[in-house]
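Visitor: Chains as they are written, first to last, in the working numbering: chain B, 409 to 849; chain D, 57 to 646.
In this text, a Cβ means the ideal position worked out from N, Cα and C, and glycines have one as well.
1) Establish whether the CB of residue 613 of chain D and some CB of chain B are separated by less than 8 Å.
2) Which residue from D:170, D:150 and D:86 puts its Cα closest to that of residue 131 of chain D?
3) Could you confirm whether any beta carbon from chain B is found closer than 8 Å to the beta carbon of residue 107 of chain D?
4) At which residues does the alpha helix (DSSP H) containing residue 636 of chain D begin and terminate?
5) Kindly give me the distance between the Cβ atoms of residue 284 of chain D and residue 445 of chain D, rounded to whole angstroms, as I take these residues to be in contact under 8 Å.
6) Counting C-beta neighbours from all protein chains within 10 Å, is the total for residue 832 of chain B 16 or more, i.e. buried, or is it exposed?
7) Tell me the residue span of the beta strand (DSSP E) that contains residue 631 of chain B.
8) What in chain D is Cβ-close to residue 792 of chain B, meaning under 9 Å?
9) Would DSSP call residue 485 of chain D helix, strand or coil?
10) When DSSP labels each residue in this structure, what does residue 533 of chain D get in the three-state scheme?
11) What does DSSP give as the partner residue(s) for residue 322 of chain D in the beta ladder?
12) Mapping DSSP to helix, strand and coil, what is residue 221 of chain D?
13) Taking only runs that begin and end inside the stretch 608-684 of chain B, name each unbroken alpha helix (DSSP H) of 4 or more residues, in chain order.
14) Let me check one thing: in DSSP terms, what residues is residue 442 of chain B bridge-paired to?
15) Which residues in the same chain have their Cβ closer than 6 Å to the Cβ of residue 473 of chain B, if we skip the five residues on either side of it in sequence?
16) Once DSSP output is grouped into helix, strand and coil, what is the label at residue 574 of chain B?
17) Quick one: residues in its chain with C-beta nearer than 8 Å to the C-beta of residue 750 of chain B, no 5 flanking neighbours on either side, listed in chain order?
18) Is it true that the stretch 726-741 of chain B meets the stretch 307-327 of chain D, where meeting means three or more beta-carbon pairs spaced less than 8 Å apart?
19) Sort out for me which residues DSSP pairs residue 775 of chain B with in a bridge.
20) From the DSSP output, in three-state form, read off residue 461 of chain D for me.
21) For residue 674 of chain B, which residues from the same chain have a beta carbon less than 6 Å from its beta carbon, with the 5 sequence-adjacent residues on both sides left out?
22) According to DSSP, simplified to helix, strand and coil, what is residue 102 of chain D?
23) Nearest to residue 693 of chain B by CA position, among B:428, B:655, B:654 and B:635, is which residue?
24) For residue 416 of chain B and residue 478 of chain B, I'd like the C-alpha separation in whole angstroms.
25) Let's test the definition: count the other Cβ atoms within 10 Å of the Cβ of residue 838 of chain B and tell me whether it reaches 16, buried, or not, exposed.
26) Cα separation between residue 63 of chain D and residue 80 of chain D?
27) If you measure between the beta carbons of residue 112 of chain D and residue 123 of chain D, is that distance less than 8 Å?
28) Establish whether the CB of residue 455 of chain D and some CB of chain B are separated by less than 8 Å.
29) Checking the sheet assignment: what are the DSSP bridge partners for residue 436 of chain D?
30) Compare the beta carbon distance of residue 537 of chain B and residue 738 of chain B with 8 Å and say whether it is the shorter of the two.
31) Helix, strand or coil for residue 329 of chain D per DSSP?
32) Measuring CA to CA, which of D:268, D:429, D:297 and D:578 is closest to residue 504 of chain D?
33) Would you please verify whether the beta carbon of residue 61 of chain D is less than 8 Å from any beta carbon of chain B?
34) Taking 6 Å as the limit between beta carbons, can you name the residues of its chain near residue 59 of chain D, skipping five residues before and five after?
35) Suppose only complete runs of 3+ residues qualify. What are the beta strand (DSSP E) ranges in the stretch 464-542 of chain B, listed by chain order?
36) Show which residues of chain B have a CB atom less than 7 Å away from the CB atom of residue 69 of chain D.
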């Protein structure tokens with residue numbers, strides 16, 4: 409927030425709204441940063457010599473004679489190896505009590521990768537969670553959100569995924585995190601001894617909501633530095649994107665824009681796509697993978713935020729409480745990883761796709777049997793067996809506390825098939841059955 | 057189009073996101089292209105509204121750092137594409153910049169690359185001779201572009217009749233060389249090269265007439281060809297919630313459809329999907345030429361993170377390239393994924409212009425814009441008697457999966473085929489998830505199309521299709537009753553009726569896009585299988601209980617699917633058919 413001696417200081421604000429103020433100024437660049445009454449602001453509109461500034465932390469208490477200084481540059485982040493292990497706020501200033509970092513200034517929200525310079529993602533990211541690895545394998549360069557209700561333990565699952573994934577850097581972009589969740593992440597990262605490969609940009613519920621808009625761009629600028637310049641595998645965690653979108657709608661509302669569906673700005677799709685499309689696999693090994701959280705209200709995925717997200721991301725993960733076993737599981741029906749075909753059966757064992765499909769089909773049969781049971785119809789012997797299979801399958805594979813290798817997941821699946829079914833009922837290609845069907849003792 | 061106001065200049069007066077207000081010193085035209093100078097970087101922009109001496113321009117790139125009083129130069133023409141040999145196998149952005157020629161990993165602002173190769177020599181063969189009288193679009197000669205005959209034409213901008221003075225001899229020429237001299241009606245001689253330019257927002261009308269499409273376009277996708285056929289020069293659209301397989305279906309169409317060349321406009325969709333095309337198409341064998349599929353494909357990639365205004369331009373760029381090849385007498389298949397993103401780009405701009413919004417904040421003229429665009433497709437008779445066509449299939453991504461939203465509704469009015477992807481079918485993994493009953497093809501009702509089907513497939517084909525639909529409808533009705541009354545609450549015939557519908561579903565509708573053989577089915581084979589399915593339908597079977605019905609028909613379905621998975625007319629195919637026949641015999645009532 410440096411001011412320089414030769415900079416012109418304006419002191420005559422002509423208009424103030426809840427989020428913006430306007431003044432007469434010349435030579436100002438679009439999207440340029442400014443300091444208004446000690447607060448960071450950005451140019452959002454220029455009309456002749458009328459300049460409108462958006463003040464991230466709100467305009468409360470700003471007088472018409474406040475000092476306004478233009479910084480002559482768009483928002484930037486200083487990037488260097490020193491970023492590792494540090495916690496920053498939405499402006500990229502340290503909040504961990506340690507000194508500011510030195511490094512090259514990079515503009516945030518930079519240009520897009522030329523699509524012909526991308527590589528098709530092909531590297532499997534094991535997480536140990538079978539609901540993900542077995543049924544919805546993640547791939548480097550992918551972007552995928554958790555669609556979760558606010559009461560679900562998505563932050564725990566996400567931190568688990570982050571720590572187990574084989575990534576060189578983990579970058580957390582926290583938007584509207586409660587202070588408790590922020591401290592939770594901090595603790596988990598510290599206890600895992602992984603702090604040196606983690607970088608956090610955090611806006612908590614105590615901070616002004618509009619500041620959140622900067623967080624994803626900050627996190628992704630840092631990610632691009634490590635993925636492009638250092639050719640590292642970077643995992644970016646963004647939580648919670650619903651609060652980010654809410655901040656966008658606040659801004660557009662205050663700028664008098666016409667709202668579209670669910671009072672979201674008409675540009676929501678492009679705004680979200682600009683963030684998620686930063687996920688990329690480069691030919692030289694560097695990659696950015698984005699795992700995000702989109703909280704739903706009452707599980708409604710037709711709301712504009714999850715709906716637009718679904719069209720942008722490569723699949724989505726759903727958590728669900730399985731009351732039969734009393735654990736949270738990764739829902740195999742509603743979850744989808746669009747890129748899994750690129751790795752399963754290729755980077756993992758050849759029987760993976762067939763085992764995955766067979767197990768999900770049997771699990772679906774169990775769901776039908778359950779409906780039948782609830783409606784008071786008699787159950788056949790097959791129905792009974794699918795029900796006991798479903799219970800085992802939930803417990804040993806779908807539950808989020810499972811932490812095993814993929815080969816073990818496949819073995820467990822085969823054992824469950826053998827325990828409950830005949831090979832014909834499972835319906836997997838013969839060559840795999842011959843090789844993997846559990847031998848009778 | 058004439059360069060009347062070449063010298064007009066302006067200065068930036070205001071900026072809101074990518075809408076810039078420019079104070080101009082001379083005449084400007086609506087949709088004129090201008091370049092804004094930002095510290096030496098030229099930002100391309102298009103005039104979208106004019107008010108007194110102020111032009112409202114939409115900038116195709118980020119306006120970050122732009123200042124009031126920055127200078128603007130107007131070009132005197134609208135957004136144009138460059139037409140000429142070398143377009144095939146290219147990857148362009150929405151403004152026809154060759155993406156492969158750009159430096160670096162990131163797209164740079166203001167970087168414009170040549171869409172064609174100026175130095176490359178093409179093997180030219182004359183088609184016209186001295187004294188021939190031609191109009192715009194008339195063929196002067198041809199070059200081989202990959203293996204496609206690429207016609208060199210009288211430029212589309214030329215009006216009236218032109219007399220050929222001379223055409224160069226066969227030989228190698230670059231696109232800049234003069235290959236012919238023609239004289240206009242006043243005798244003025246004009247040199248012709250292999251390239252010309254055309255503004256994308258205007259339709260190329262260098263054809264004699266545009267009849268109703270009547271020829272079936274084979275796609276190899278059974279649920280389309282058999283039940284809801286699309287025609288050469290037809291229009292169709294695919295709406296579907298996310299995760300229902302829109303993209304897989306579009307990729308299947310691009311790989312298999314019986315077209316001479318394919319133009320894919322990836323408009324505001326995922327970059328990794330475009331990368332999939334970049335990665336796979338150069339490897340995929342083209343069943344029609346034995347070469348690689350990429351050789352007859354052009355990709356316009358304006359992915360969701362690329363500038364929004366250029367997204368709108370990208371579909372027009374794709375359509376104009378299609379019209380260019382249609383004028384050569386070729387069958388073009390144009391795919392756009394997705395037109396909703398294009399409509400959203402229109403919405404963002406209309407919003408910034410503070411226009412009064414229509415439904416869901418889309419611009420009021422959205423239906424007109426969409427139908428105008430779809431009307432540029434079509435089957436044409438060219439002036440020289442040849443035919444050419446653009447078949448256009450767009451996807452729509454309805455917000456919240458709700459088909460009542462404005463983009464779907466407007467498109468429904470414009471497109472003649474409707475391929476509804478159903479969430480329910482996708483959830484039960486019945487792919488392609490095209491709902492056979494909600495979907496329709498208006499072409500199937502055209503008498504000339506019916507005539508064509510009768511002549512080329514089977515005299516009773518239209519009857520058979522209607523029957524197949526009826527079987528599905530009855531099966532669906534019965535399924536609902538069984539759900540309510542329970543398996544044993546309905547007569548056994550009901551189960552039979554249900555399962556006969558399931559045969560149509562599993563054997564005809566469902567198709568494995570990832571299987572080498574099943575992914576594409578020839579018309580001949582589609583006819584064979586439909587007859588087979590109808591034979592089973594017309595046969596009566598004897599059952600003692602409803603359990604037996606399901607088991608029996610599952611066996612039938614399994615056998616027929618094995619047929620689908622076997623090479624047509626192969627030993628394995630007939631082996632499976634034999635098994636099927638003996639299975640049928642088991643329970644057949646004579």
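Guide: Let me lay it out:
1) Position 557 of the second chain, counted from the start, is the residue given in the question as residue 613 of chain D. No, no contact with chain B.
2) One-based indexing of the second chain puts residue 131 of chain D at position 75. Taking only the C-alpha atoms, the option nearest residue 131 of chain D is D:86.
3) Residue mapping note: residue 107 of chain D aligns to position 51 of the second chain, counting from 1. No, residue 107 of chain D does not count as interfacial toward chain B.
4) Position 580 of the second chain, counted from the start, is the residue given in the question as residue 636 of chain D. Element bounds for residue 636 of chain D: 627-643.
5) Here the question's residue 284 of chain D lines up with position 228 in the second chain. Here the question's residue 445 of chain D lines up with position 389 in the second chain. Actually they are not in contact, since the Cβ atoms of residue 284 of chain D and residue 445 of chain D sit about 19 Å apart, beyond 8 Å.
6) Looking up residue 832 of chain B in the first chain gives position 424. Using a 10 angstroms sphere on the CB of residue 832 of chain B, the tally of other CB atoms stays under 16, which defines it as exposed.
7) Along the first chain, one-based indexing puts residue 631 of chain B at 223. DSSP places residue 631 of chain B outside any beta strand (DSSP E); the residue lies instead in the alpha helix (DSSP H), whose first and last residues are 623-632.
8) Working through the first chain from its first residue, we reach residue 792 of chain B at position 384. Here the premise fails: no neighbours, minimum Cβ distance about 17 Å.
9) Stepping through the second chain from its first residue, residue 485 of chain D is reached at position 429. The answer is coil: DSSP assigns residue 485 of chain D none of H, G, I, E or B.
10) Start at 1 with the first residue of the second chain, and residue 533 of chain D comes out as number 477. In the structure shown, residue 533 of chain D sits in a helix (DSSP, three-state: H, G or I).
11) Within the second chain, residue 322 of chain D is the residue found at index 266, counting from 1. Residue 322 of chain D is bridged to D:357 and D:393.
12) On the second chain, position 165 is the one that residue 221 of chain D refers to. In this structure, residue 221 of chain D counts as strand in the three-state DSSP scheme.
13) You should have 623-632, 649-662 and 676-684.
14) Here residue 442 of chain B refers to the residue found at position 34 when the first chain is read from its first residue. Bridge partners of residue 442 of chain B: B:449 and B:478.
15) Translated into positions along the first chain, residue 473 of chain B becomes position 65. Cβ within range, chain order: 419.
16) Taking the first residue of the first chain as 1, we reach residue 574 of chain B at position 166. Of the three classes helix, strand and coil, the one that applies to residue 574 of chain B here is coil, per DSSP.
17) On the first chain, position 342 is the one that residue 750 of chain B refers to. The residues are 528, 529, 530 and 547.
18) No: the two stretches stay apart, fewer than three of their Cβ pairs being nearer than 8 Å.
19) Reading the first chain from its first residue, position 367 is the one you call residue 775 of chain B. DSSP output for residue 775 of chain B lists no bridge partner at all.
20) Along the second chain, one-based indexing puts residue 461 of chain D at 405. Reduced to three states, the DSSP call for residue 461 of chain D is coil.
21) Residue mapping note: residue 674 of chain B aligns to position 266 of the first chain, counting from 1. Counting only residues of its own chain and dropping the five nearest sequence neighbours on each side, residue 674 of chain B has a CB closer than 6 Å to the CB of 668.
22) To locate residue 102 of chain D, count along the second chain from 1; it is residue 46. Strand, per DSSP.
23) Looking up residue 693 of chain B in the first chain gives position 285. Ranking B:428, B:655, B:654 and B:635 by CA distance to the CA of residue 693 of chain B puts B:635 first.
24) By 1-based counting over the first chain, the position of residue 416 of chain B is 8. By 1-based counting over the first chain, the position of residue 478 of chain B is 70. If I take the Cα positions, the gap works out to 8 Å.
25) As a first step, residue 838 of chain B is located in the first chain; it is residue number 430 there, counting from the start. Around the beta-carbon of residue 838 of chain B, fewer than 16 other beta-carbon atoms lie within 10 Å, marking it exposed.
26) Here residue 63 of chain D corresponds to residue number 7 of the second chain, with the count starting at 1. Here residue 80 of chain D corresponds to residue number 24 of the second chain, with the count starting at 1. When only Cα atoms are considered, residue 63 of chain D and residue 80 of chain D end up about 11 Å apart.
27) In the second chain, residue 112 of chain D corresponds to position 56, counting from 1. In the second chain, residue 123 of chain D corresponds to position 67, counting from 1. Going by C-beta atoms, residue 112 of chain D is not nearer than 8 Å to residue 123 of chain D.
28) Locating residue 455 of chain D in the second chain gives position 399, counting from the first residue. Taking Cβ atoms only, chain B reaches closer than 8 Å to residue 455 of chain D, which makes this a yes.
29) Indexing the second chain from 1 puts residue 436 of chain D at position 380. Paired residue(s): D:444.
30) Mapped onto the first chain, residue 537 of chain B falls at position 129. Mapped onto the first chain, residue 738 of chain B falls at position 330. Closer than 8 Å, so yes.
31) Numbered from its first residue, the second chain carries residue 329 of chain D at position 273. In the structure shown, residue 329 of chain D sits in a helix (DSSP, three-state: H, G or I).
32) In the second chain, counting from the first residue as 1, residue 504 of chain D sits at position 448. With distances taken between Cα atoms, residue 504 of chain D lies closest to D:268.
33) Here the question's residue 61 of chain D lines up with position 5 in the second chain. Confidence is the limiting factor: at residue 61 of chain D the pLDDT is only 47, short of 50, which leaves the residue's position unreliable, though a coordinate-based value still follows. False, the Cβ-Cβ gap to chain B never drops below 8 Å.
34) On the second chain, position 3 is the one that residue 59 of chain D refers to. Because residue 59 of chain D carries a pLDDT of 48, less than 50, the predicted location of this residue cannot be relied on, and the following value inherits that uncertainty. Residues 132 of the same chain have their beta carbon placed closer than 6 Å to that of residue 59 of chain D, with the five preceding and five following residues left out of the count.
35) Counting only runs of 3 or more, we get 476-478, 484-487 and 512-515.
36) Counted from its first residue, the second chain places residue 69 of chain D at position 13. One finds 456 in chain B with Cβ atoms closer than 7 Å to the Cβ of residue 69 of chain D, taken in chain order.
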